[in-house]
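Enquirer: This is the structure, below, for whatever I ask next.
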Amino acid sequence: MSGSTLEIIGLRKSWGRLAVLQGIGLSVPGGQFVSLLGPSGCGKTTLLRLITGSLAPDAGRVLVDGADVTEMATHRRNMGMVFQNFALFPHLTVAENVAFPLHVRKIPAQAREAQVRDALAMVHLEALEARYPRELSGGQQQRVGLARAIVFRPTILLLDEPLSNLDAALREEMRIEISQVTRRLGITAVYVTHDQREALALSDSIALMNRGRIEQFGVPEDLYLRPANAFVARFIGYTNAVAVTVRPGSARIDGGEAVLHGIDDRGILGPGIAFFHPGDIALAPPPEANAAAHDDAVVARVEELAFMGDHFEYVVEDASGRRFKANVPIGGTVFERGSEVSVVLPAGKAVLVPRGAEDAETP
Amino acid sequence: MLLFLAVAFYYPLGFTLSESFTAKSGGFSLAEYGALLGSRRGWSVFGLTLVLATGATILSLLLSLPLALALRRRFAGKAALQFLMMLPITIPSLVGALGLLILYDRTGWLNYFLVAVLHVIAQPIPIDYTIPGIILFYVWMFFPYGGLVLMSGVGAIDPAVEEAGRVMGGSPGYVLRRVLLPLLRPSLVAGSVMVFLQCFGAFSVPLIAGCNHQPVAVRIHTLATVFLDWPQASAMAVIMGLVQVALLLGYRAIDARGRRTA
Amino acid sequence: MNRRWRSPLRIALALLFVAFITLPFVMIVLEAFGTGWFGMRLLPAGWTLKWFGWAFATVDLGTVMWNTVVIALIATMASIALAIPAAWMFARYALPLRGVLIGLVLFPRMIPEITFALGVAKIFYAFHLTNTRLGIGLSHVILAAPFAVLVLISPFEGIDSRLLEAGSVLGCNTPQLWRRVILPLALPGVIAAALFSFLASYNDFVLTLMVYGPNTVTLPVQTYLSIGNGYTSVAAAISLLLLIPSLVFLMGLMRMVEPEKLLGGLKGA
Ligand SMILES: Nc1ncnc2c1ncn2[C@@H]1O[C@H](COP(=O)(O)OP(=O)(O)OP(=O)(O)O)[C@@H](O)[C@H]1O
Ligand SMILES: [Mg+2]
């Protein structure tokens, strides 16, 4: 079985005067795994509920395999969903919970039992089928939720932050399980999360949402290497930002002499922001000792340093109050708190985005 | 405290007990119980009480359940509605009974409204002083006990569970039958018991709107104050108290077992 | 959800429901203030206060109200006085048979009022207590005190014992500790218990009906007597006075607590 295509066109939804979704468009090919990534409250759950029909949109349409389902009743849409807070039926056992969608569809008892067993096996819960949800750990409950959502082979599977209630180790394990299950079944999956690492690891493509809009939609590498704007860059994990003025092939750091030569300008000319990962920034002795060697460096003072095992984590601040975070491997020179350093910003590792009005005061 | 209750409550209660076991000539006797349980009269009083209470309990649930389900979401005016529901059970029951009597009397406002204004019926229908009428009055006065229990029961259900039922393919009716109602069962039981006990002990309504239909509480009052047959009244009171305590204990047992398995 | 409420059927049902609950009250108000309204009109022909006048003139309503309030105050004070030590014991000490004792205290609220009202009446007749407000007031303690204990247990449980130690260390003896530490801390609970007690007595009908005498008629009893005499309008006027404390109480309460938590019965049957 292969998944259905899902197409969302111009969806809008407001709660009173709060416009939660302001025109969402998204197109998911059959069998793809798409993440909806965004900060809390940006409208991710609302978008899922519009897809399932639990909410009616103010405007816009939802198409499945090209057919308009916007007006279709929820229970006819044949979608599976894993809920943020599990939402298992508390009065039913694990097996009964998983059997629920099959009962609804009037699957004969024999086939039903076999399918329930399959689904439970897929999430490694065969042994617990007679338990009630309250007798399960969070991770087990979430597995039941997953089994219940896939047991009837829906063509679209929606997952609403399925890992957010689990501890770190379980999260890792469940993430792999979800990935395997969805790919094995070839289901089209829409996965909601606010954790960018989860999204990057799992997805065929990512829609990054902010305040009811999609900021960028693309494959993970795209969002990571070519973020569309400062919000995307920050959300995807770039912590160091400097305001720059971009010319073809180079960028001058504002408020100083340093220039990033050979930067990938991505066609952005004029005001921009250059982002760096902490691991890409190097620290060197201050310029008096080694003048003019680093054209691409700014002078700063060490504010904080912490030993993290395999690296030192530095926080440095330059004369204009700009802060950088740098992760420096052990083995090199150690700079004490308060000492002057030269912060080397490697042009080759920089990610440039245009600087809009809303980014004027920061980076 | 216990001492006071011992004097003011348990002593009179014991008095009632001993009175009920005293023969007309003095000395211990079960004659009063024999007279009560051996007569058609005695049984008919309890029968009437049960019919009234059962009917009112069923109707109250039929009213409360849709109400609680319809009101499960937030909406403007919900607090006002809850205030209204609190009214019948907070005010002195006599006041409610008087209002009901004026409204539903044969020559009352409702009959006038139906006959002369709406012209939906030709003749006034007798409501007060009839058994269905008393049941209706009970419903008005006691359904909020069930309604409020059910509302809090409905409020305790995670809305996502219902949503899950719909998304997994359950039609609204199916989700109601297979998800909501099973989850509401403890509230349904608790609500019925509350309403039933209130109806069982009801006094004011049947006293002024019952006429010849005298359920237990009113019958006890009549026996004691009109016929001055205190021993018979006491025997009836003892049975009434026992039935009520048995109902309460039964409910507790069910509730405790429900808690253990649910 | 709003869309669903706009449908005419739902609005009609909602209105019907509101009418079902409120119409009896509307009737009482119309009856109490209206004239020329013998069921043959939708609204009374005229408006008047004469029924209230009649009530004061014919049944000495002033005395009845005074009786009701005095009896309720006696019941309230006695209940609180009894309930505070009892609730304190239940809240702070691991009593043997605690469950049984609480059960015994609450038992009066679990059985129909009429069952023990009989015995109380018998005794009141024997000792000629029916005609004293004190006697009736004390009998109402049976109704009010169990509630007061129930209401007071949790505020007493909530008092941090370190505060009591602090009070003792600072030199309070036991009465001072109660006056300066415990009661101020539990004040909201005590006030709630007092209000419950007052209302239980003020509204009581069944027990009072069995034990009242000519000089201790209360508002509920008088309402009943007036209905029995066929003076419906006078009865309606009296019942409006009878309603006032309940309404005030309910409005205050709705502001403070969720209505579902208030179950447990505020009145007699
Ligand atoms: N039923 C509702 N009534 C009113 N406002 C709502 C309702 N549901 C959601 N909202 C509002 O809509 C906005 C988006 O909510 P939504 O649940 O879609 O966010 P989310 O992206 O899923 O957040 P999270 O990551 O915290 O789950 C929030 O501001 C929320 O307060
Ligand atoms: Mg959410």
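Protein chains in written order, with the numbering used here: chain W, 4 to 366; chain H, 48 to 309; chain Y, 17 to 285.
Just so you know, even glycine gets a beta-carbon here, dropped at the ideal spot from N, CA and C.
With 8 Å set as the bound, which would you pick, yes or no: does the beta-carbon of residue 140 of chain W sit closer than that to a beta-carbon of chain B?
Expert: This model lacks chain B altogether; the protein chains it does include are W, H and Y.
Enquirer: Given this structure, state the Cα-to-Cα distance separating residue 69 of chain W from residue 15 of chain W, to the nearest angstrom.
Expert: 20 Å
Enquirer: Could I get the ranges of all uninterrupted alpha helix (DSSP H) runs contained in the region 240–297 of chain H, with 4 residues as the minimum, in chain order?
Expert: Within the region 240–297 of chain H, the complete alpha helix (DSSP H) segments of 4 residues or longer fall at 251–256, 263–272, listed in chain order.
Enquirer: How close, in whole Å, do the beta carbons of residue 256 of chain H and residue 204 of chain H come, if the pair is a contact with beta carbons under 8 Å?
Expert: Between residue 204 of chain H and residue 256 of chain H the Cβ distance is about 37 Å, and since that is not below 8 Å, they are no contact.
Enquirer: Residue 165 of chain W touches chain H at which residues, Cβ-Cβ below 7 Å?
Expert: Ordered by position in chain H, no residue passes the 7 Å Cβ test against residue 165 of chain W, which lies about 13 Å from the chain.
Enquirer: At the level of alpha carbons, what is the spacing between residue 84 of chain H and residue 267 of chain H?
Expert: 15 Å
Enquirer: Tell me whether residue 250 of chain Y is buried or exposed, calling it buried when 16 or more other Cβ atoms sit within 10 Å of its Cβ.
Expert: Answer is buried; the Cβ neighbour count reaches 16.
Enquirer: Quick one: which chain W residues come within Cβ less than 8 Å of residue 199 of chain H?
Expert: Neighbours of residue 199 of chain H on chain W: none; closest Cβ ~16 Å, over 8 Å.
Enquirer: Residue 2 of chain W CB to nearest chain H CB: under 8 Å?
Expert: It is not possible to answer for residue 2 of chain W, since the shown part of chain W is limited to 4 through 366.
Enquirer: My assumption, with CB atoms under 8 Å, is that residue 347 of chain W sits in contact with residue 299 of chain W. Please give the rounded CB distance.
Expert: Contact holds; Cβ gap of about 6 Å.
Enquirer: Excluding five sequence neighbours on each side, which residues of the same chain lie with their C-beta closer than 7 Å to the C-beta of residue 228 of chain Y?
Expert: 146, 152, 234, 237
Enquirer: For the beta strand (DSSP E) holding residue 18 of chain W, just list the boundary residues, first then last.
Expert: 9–18
Enquirer: Just to confirm my understanding: we take residue 296 of chain W, look at its own chain, exclude 5 residues before and 5 after, and list those with CB closer than 6 Å. What are they?
Expert: Only weak support is given to the placement of residue 296 of chain W: the predicted model assigns it a pLDDT of 48, under 50, and the value that follows is read from those uncertain coordinates. Taking C-beta separations shorter than 6 Å and ignoring five residues to either side along the sequence, residue 296 of chain W has no partners in its chain.
Enquirer: Does DSSP put residue 285 of chain Y in a helix, in a strand, or in coil?
Expert: Caution applies to residue 285 of chain Y, whose pLDDT of 38 falls short of 50 and renders its modelled position unreliable; the value that the coordinates give is listed next. Correct three-state label for residue 285 of chain Y: coil.
Enquirer: Looking only at C-alpha atoms, which of W/215, W/31, W/183, W/175 sits nearest to residue 198 of chain W?
Expert: Answer by Cα proximity: W/175.
Enquirer: Taking 7 Å as the line, does the beta carbon of residue 49 of chain W fall inside it for any heavy atom of ligand 1?
Expert: yes
Enquirer: Does the distance between the C-beta of residue 18 of chain W and the nearest non-hydrogen atom of ligand 1 fall short of 7 Å?
Expert: yes
Enquirer: Hey, would you say residue 208 of chain H sits closer than 8 Å to residue 226 of chain H, going by beta carbons?
Expert: At a Cβ-Cβ threshold of 8 Å, residue 208 of chain H and residue 226 of chain H count as neighbours.
Enquirer: Answer yes or no: does any C-beta atom of chain H fall closer than 8 Å to that of residue 266 of chain Y?
Expert: yes
Enquirer: So what's residue 296 of chain W in DSSP terms, helix, strand or just coil?
Expert: Its pLDDT being 48, under 50, residue 296 of chain W is placed unreliably in this model, and the value from its coordinates should be taken loosely. Residue state, collapsed to three classes: coil.
Enquirer: What is the DSSP secondary structure of residue 314 of chain W, reduced to helix, strand or coil?
Expert: strand
Enquirer: So, does the CB of residue 19 of chain Y fall closer than 8 Å to a CB anywhere in chain H?
Expert: Any answer about residue 19 of chain Y is weak, because its pLDDT of 47 lies below 50 and its placement is not dependable; what the coordinates show is given next. So no, residue 19 of chain Y is outside the interface.
Enquirer: Exposed or buried, what is residue 85 of chain W when buried is set at 16 or more other beta-carbons lying within 10 Å of its beta-carbon?
Expert: buried
Enquirer: 8 Å is my cut-off, CB to CB: does residue 170 of chain Y come that close to chain H?
Expert: no
Enquirer: Looking at ligand 2, does it come within less than 7 Å of residue 164 of chain W, judged from the CB to the closest heavy atom?
Expert: yes
Enquirer: With a threshold of 16 other CB atoms inside 10 Å of the CB of residue 158 of chain H, please say whether the residue is buried or exposed.
Expert: buried
Enquirer: Please name the residue or residues paired with residue 194 of chain W in a DSSP beta bridge.
Expert: W/38, W/162
Enquirer: Ligand 2 heavy atoms versus the CB of residue 219 of chain W: any closer than 7 Å?
Expert: no
Enquirer: Give a single yes or no on whether residue 45 of chain W has its beta carbon closer than 7 Å to a heavy atom of ligand 1.
Expert: yes
Enquirer: How far does the beta strand (DSSP E) with residue 343 of chain W in it reach, from first residue to last?
Expert: 343–347
Enquirer: Using 8 Å for Cβ pairs, my map puts residue 197 of chain H next to residue 231 of chain H. What's the rounded Cβ distance?
Expert: 7 Å
Enquirer: Taking Cβ-Cβ distances below 7 Å as the criterion, which residues of the region 102–125 of chain W are in contact with chain H?
Expert: 103, 104, 107, 108
Enquirer: Quick one: give me the first and last residue of the beta strand (DSSP E) that residue 332 of chain W is part of.
Expert: First-last of the beta strand (DSSP E) with residue 332 of chain W: 326–332.
Enquirer: Once you ignore the five residues that flank residue 241 of chain W on each side, which residues in its own chain have a CB closer than 8 Å to its CB?
Expert: 230, 278, 279, 280, 354
Enquirer: Can you give the Cα-Cα distance for residue 217 of chain H and residue 211 of chain H, rounded to whole angstroms?
Expert: 9 Å
Enquirer: Rounded to whole angstroms, what is the Cα-Cα separation between residue 181 of chain W and residue 323 of chain W?
Expert: Cα atoms of residue 181 of chain W and residue 323 of chain W: separation of roughly 47 Å, rounded to the nearest angstrom.
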